[in-house]
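Okay, structure first, notes after.
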Amino acid sequence: MKNHKLPLARRDAMESGFTLVELLVASLMFMVIGGATLSLFAKHQPIFNQQQNLAEVNIALRNGVAQMQLDISNAGANFYTGVNIPNYPVGVVVNNNVVASGGDCRTGTPLVYGANCFDSLSIITADATTAPSNPSNGSGACAVSSGTTLYLAPSGSAGYATAALATAAAAKFLNGDQILLVKNDGSQYTTVKLTAAGGTATVSGNIFVTLTHTATTSTTVSGTTYTGFNTAASGNDPYGMTTNVNSMIGEQYCPTDWALRITPIQYQVDRTDPTNPVLTRTVAGLTQTLSQKTLATQIVGFKIGVSLFNNTTDTDTTIYSFDASNYNNGSAVPYNYTLVRSVMVSLIGRTKPSTDPNYKFRNSFDSGAYEIQGVSVVINPRNMSMTD
2 MKNHKLPLAR
12 RDAMESGFTL
22 VELLVASLMF
32 MVIGGATLSL
42 FAKHQPIFNQ
52 QQNLAEVNIA
62 LRNGVAQMQL
72 DISNAGANFY
82 TGVNIPNYPV
92 GVVVNNNVVA
102 SGGDCRTGTP
112 LVYGANCFDS
122 LSIITADATT
132 APSNPSNGSG
142 ACAVSSGTTL
152 YLAPSGSAGY
162 ATAALATAAA
172 AKFLNGDQIL
182 LVKNDGSQYT
192 TVKLTAAGGT
202 ATVSGNIFVT
212 LTHTATTSTT
222 VSGTTYTGFN
232 TAASGNDPYG
242 MTTNVNSMIG
252 EQYCPTDWAL
262 RITPIQYQVD
272 RTDPTNPVLT
282 RTVAGLTQTL
292 SQKTLATQIV
302 GFKIGVSLFN
312 NTTDTDTTIY
322 SFDASNYNNG
332 SAVPYNYTLV
342 RSVMVSLIGR
352 TKPSTDPNYK
362 FRNSFDSGAY
372 EIQGVSVVIN
382 PRNMSMTD
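So for the sequence shown, my numbering puts the first residue at 2; every next one is plus one.
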């Protein structure tokens, strides 16, 4: 039998592996390819981060506007089961911080966005957990104009059946609450602010919830006197429902009318950190502690316009004007928010400003080291537009 074993020298050559030269060449090739890969990654990483930051701003703006659309669409409506209350004559109130002609709301380097860059919006809703009541002066006569105490009875009743029921109802009303008074046909309204927690009283055998409140005032505009009015400086109407006069504000509210505890929703920009203004949604709840939620960060513009109904045809261009400060149609006055038909919201955000000296991008909006995104929508409050 023949021996087929390979020669020793050949076996050693086949089992010896890579030579040193081959390893050096392979390492060099790996370093070249790896370096090119890392260089390419380093160049694209800022672009990737930039796109991610921009997408984050876009999503935040859209989410903020979507939440406003939900709230504004339902403004002026809050229905109670089994109780027929007319739609509130006011559902959306805007506080415009106007920039002077030729002025600028931005200052400094880097730019700081001031208060006039941002408006605020209040959506008036009623507390669904507090039953609406009928107001009087305790003796069956109309209230508000005759003093600063409201006597409330359950809907359609002369008073509460028991003292315990009245005490439980009074506990719903806290010092500082804002009460909306509405005529039973929706023709007039006013608001008062409570100066004490709710109490109870018995008058002529009828048990009432008693509310002590601020007094309203009167003012005269172009020869017309408006009652049930609150000044902005008084602080009695923080949501601005009656700080701008209109022909629907009044002071006579009787046992057939309504008193509602309101829990408004307010949108505004918090400038506590001037380097990062944030859009917030604040809800007044069952207590005086407000529930605040941040909707978007790095907001550099929040402006609101309101189109007011002027009872004319669509060919009249003034019906589409979103400048409520210039509105005037006969007896109507500027900022008459009982006539809101459309709300235009403009929201501008930015990516987080870059402090990297190698970041060369400067936007064309304000030349800042960040990117800008904006969104603008027009929203029609359903229950304030149905009769047009």
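Here a beta-carbon is modelled for each residue, glycine too, at the ideal position from N, C-alpha and C.
Since the model is a prediction, treat every value here as computed from it, not as a measurement.
Handout entry: For alanine 162, the three-state DSSP class (helix, strand or coil)
Key = Here alanine 162 carries a coil assignment [DSSP, helix/strand/coil].
Exercise for the section: Within 10 angstroms of the Cβ of glycine 77, are there 16 or more other Cβ atoms? Answer buried if so, exposed if not. Expected result: With 16 or more Cβ atoms within 10 Å of its Cβ, glycine 77 is classed as buried.
Exercise for the section: Let me know the beta strand (DSSP E) ranges lying completely inside the region 115–172, each 3 residues or longer, listed in chain order. Expected result: 121–124, 134–137 and 150–155
Problem - Length of the line joining the Cα atoms of glycine 187 and aspartate 72 - result: 21 Å
Exercise for the section: Starting from aspartate 271, trace the beta strand (DSSP E) both ways and give me its first and last residue. Expected result: Looking at the DSSP string, the run of the beta strand (DSSP E) that includes aspartate 271 is 266–271.
Exercise for the section: Quick one: which unbroken beta strand (DSSP E) runs of 3-plus residues sit fully inside the region 215–268? Chain order, please. Expected result: 218–222, 225–230 and 259–262
Handout entry: Chain-order list of residues whose beta-carbon lies under 7 Å from that of asparagine 196 (same chain, five-residue window excluded)
Key = Per the sequence presented here, residue 196 reads as threonine, with asparagine not at that position. Cβ within range, chain order: Asn176, Thr213, His214 and Thr215.
Exercise for the section: Spell out a yes or no on whether the region 117–124 and the region 214–229 are touching, meaning 3 or more CB-CB pairs, one atom from each, closer than 8 Å. Expected result: no
Problem - Spatial distance of glycine 92 from tyrosine 360 (CA atoms) - result: 46 Å
Exercise for the section: Could you work out which residue in Pro382, Val100 and Val307 is closest to valine 346 when comparing CA atoms only? Expected result: Val307
Problem - Beta-carbon separation (whole angstroms), proline 265 vs proline 111, contact threshold 8 Å - result: Contact doesn't hold; Cβ gap of about 35 Å is too wide.
Practice task
Assign asparagine 88 to buried or exposed, taking buried as 16 or more other Cβ atoms, counted over all protein chains shown, within 10 Å of its Cβ.
Solution key: buried
Problem - Element boundaries [beta strand (DSSP E), containing threonine 201] - result: Going by DSSP, threonine 201 is part of the beta strand (DSSP E) stretching over 200–204.
Handout entry: Where glycine 375 sits in the DSSP three-state scheme
Key = strand
Handout entry: Nearest candidate by alpha-carbon position, reference glycine 141, set Ala169, Arg107, Ser205 and Val94
Key = Ser205
Handout entry: Inter-stretch contact at 8 Å, needing at least 3 Cβ pairs: the region 370–386 / the region 337–345
Key = yes
Practice task
Assign serine 368 to one of two classes, buried (16 or more other C-beta atoms within 10 Å of its C-beta) or exposed (fewer than that).
Solution key: exposed
Handout entry: Alpha carbon of leucine 340 to alpha carbon of threonine 356, nearest angstrom
Key = 47 Å
Handout entry: Span separating the alpha-carbon of serine 123 from that of glycine 35
Key = 58 Å
Exercise for the section: Please name the residue or residues paired with tyrosine 360 in a DSSP beta bridge. Expected result: According to DSSP, which records beta bridges pairwise, tyrosine 360 is partnered with nothing at all.
Exercise for the section: In the DSSP assignment, find the beta strand (DSSP E) that holds leucine 280 and state where it starts and stops. Expected result: The continuous beta strand (DSSP E) containing leucine 280 extends over residues 279–285.
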